[in-house]
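So in our numbering the end of the sequence shown lands on 305, straight run, no missing numbers. We put the beta carbon where it would ideally sit given N, CA and C, even for glycine. Nothing here was measured: the structure is a model prediction, and the numbers come from that model.
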Amino acid sequence: MAKAASKNGPGKSRWSEFRARLAGWFTAYCGHDLRCLQSLDSFTALMYRPTDGAALGVARALFGLMMLIDIPEERGGGNLDFRWGDPRACRFPLVNGMEPLGYARMGVVYLVMWLGALGITLGYRFRLTCLMFVTSYWYVFVLDKSSWNNHSYLYGLLGTLFLFTDANKFLSFDAYKNRTSSQEVPFWNNFILKYQFFILYFLAGLKKMCPEWLSGYAMTNLSYHWVFLPFRSLLGPQLTDLLIVHWFGCIFDTLVVFFSYLRTNSQNCHVVCLRIPSDELPTLSHRNVPVDLFDAASAVL
């Protein structure tokens with residue numbers, strides 16, 4: 005028994021030492037106490053911990069600005085007559101049998117959506133304007149599946165998440181009118197948005213882990229775009245397509261979210277995140293400005 009106790013003693017001490025080091029590393033690199041994850045009460049206390057609302061306010065303003073550009077460009081607001089003017093046009097709604105409103109009424113829907121995005125940008129009557137944007141956006145979203153792109157669902161989801169946060173406590177008309185209110189927000193306001201960006205990048209990386217992508221056939225000839233000129237000069241077009249577009253895109257999307265949560269590397273990762281996604285490069289133009297602002301919104305959080 006004495007021998008067994010002597011054997012278990014050093015093992016337990018080493019395990020306790022490892023747990024203490026792990027807790028120290030978690031606090032040093034992530035900025036949170038590991039004990040916050042050991043029970044529901046401690047996790048709830050972490051989520052409701054008061055934090056500065058400046059980053060959330062900047063992200064809200066960037067998101068609203070992004071949507072002001074996106075609505076006329078990608079949602080069809082700039083060509084309503086072409087998009088919704090022909091009642092005989094073939095559409096593929098998410099709900100079978102769902103029909104769009106008349107041409108004039110669809111213009112009103114887009115006006116409500118744009119005014120809602122403007123209110124989000126300015127932080128003016130934030131709850132009302134965010135609700136205006138979210139309801140009109142989802143209505144247009146479900147009317148035609150053929151117009152969706154990689155980020156269509158995400159914009160509506162982010163607008164819905166912002167609706168339940170206190171993102172109007174900084175850089176907003178609401179905060180200017182109510183100067184006595186504190187700029188602090190519960191930590192979950194930031195966490196829920198950062199978690200959504202985590203899911204976005206990580207699942208995008210997992211999606212790229214397929215033979216078609218890793219073999220370099222998913223997006224061929226993308227290396228001939230001017231953005232990849234430095235890489236094409238060194239590696240040639242084929243290796244640029246394979247190594248930079250496909251392999252680096254897969255590694256970046258899979259790992260960058262983990263490094264962004266490390267307090268020591270978060271600033272560097274946020275700068276790297278301010279790049280144009282590889283799946284948007286074939287149509288580089290002024291239409292990619294919303295995508296850049298979207299990455300900027302994720303970075304400031």
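Under 8 angstroms between C-beta atoms of Ala32 and Gly68: no
Residue-level contact to chain D via CB, Asn153, 8 angstroms cutoff: Note that chain D does not occur in the displayed structure, where there is just one protein chain.
Whole-Å CB distance - Val261 paired with Phe206, under 8 angstroms assumed: 5 angstroms
Backbone CA spacing between Asp85 and Pro91 [nearest angstrom]: 10 angstroms
C-beta atoms of Leu132 and Ala65 nearer than 8 angstroms: no
Environment of Glu78 [buried if 16+ CB atoms lie within 10 Å]: buried
Paired residues, beta bridge with Thr139 - DSSP: Residue pairing by DSSP places Thr139 opposite no residue, since no beta bridge is assigned to it.
Residues near Met136 by beta carbon distance below 6 angstroms, same chain, minus five either side: Val116 and Gly120
Under the three-state DSSP convention, the category Pro241 falls into: helix
Length-filtered (4 minimum) alpha helix (DSSP H) runs lying within the stretch 39-91: Complete alpha helix (DSSP H) runs here, min 4: 44-51, 58-77 and 84-88.
Beta-ladder partner(s) of Val189, from DSSP: Partner(s): Thr55.
Rounded C-alpha distance that separates Leu167 from Leu197: Approximately 12 angstroms between the Cα atoms of the pair.
Nearest to Phe201 (by Cα), restricted to the options Ala63, Leu105 and Phe145: Ala63
Residue environment, Met71, which counts as buried when at least 16 other CB atoms sit within 10 Å: With 16 or more other CB atoms across the displayed protein chains lying within 10 angstroms of its CB, Met71 is buried.
Three CB pairs or more closer than 8 angstroms across the stretch 186-197 and the stretch 46-60: yes
Sequence-distant residues of the same chain with beta carbon closer than 6 angstroms to Val89, five excluded per side: Note that residue 89 corresponds to Gly in the displayed sequence, not to Val. These residues qualify, in order along the chain: Tyr107.
Residue environment, Arg87, which counts as buried when at least 16 other CB atoms sit within 10 Å: Per the 10 Å Cβ criterion, buried.
Inter-residue CB distance, Val138 and Val99 (contact presumed, cutoff 8 angstroms): Actually they do not touch by this definition, with Cβ atoms about 18 angstroms apart.
Test item: CB-CB of Ala171 and Phe130 under 8 angstroms: yes
Given 8 angstroms, three or more beta-carbon pairs between the stretch 143-160 and the stretch 39-53: Short answer: they don't touch.
Member of Asp178, Met102, Gln242 and Ala24 whose CA lies at the smallest distance from the CA of Ser219: Gln242
Where Tyr128 sits in the DSSP three-state scheme: coil
Which of helix, strand or coil DSSP assigns to Trp19: helix
Nearest to Ile124 (by Cα), restricted to the options Cys254, Ser264, Thr164 and Val113: Nearest of Cys254, Ser264, Thr164 and Val113 to Ile124, Cα basis: Thr164.
Best match in Gln187, Ala222, Gly81 and Tyr228 for proximity to Gly253 [C-alpha to C-alpha]: Ala222
Under 8 angstroms between C-beta atoms of Asp245 and Leu226: yes
Pick from Phe96, Val231 and Arg23 that is closest to Ile151, judged by C-alpha positions: The sequence as given places Ser at residue 151; Ile does not occur at that position. Comparing Cα-Cα distances from Ser151 to each of Phe96, Val231 and Arg23, the minimum goes to Phe96.
Burial state of Trp29, where buried means 16 or more other Cβ atoms lie within 10 Å: exposed
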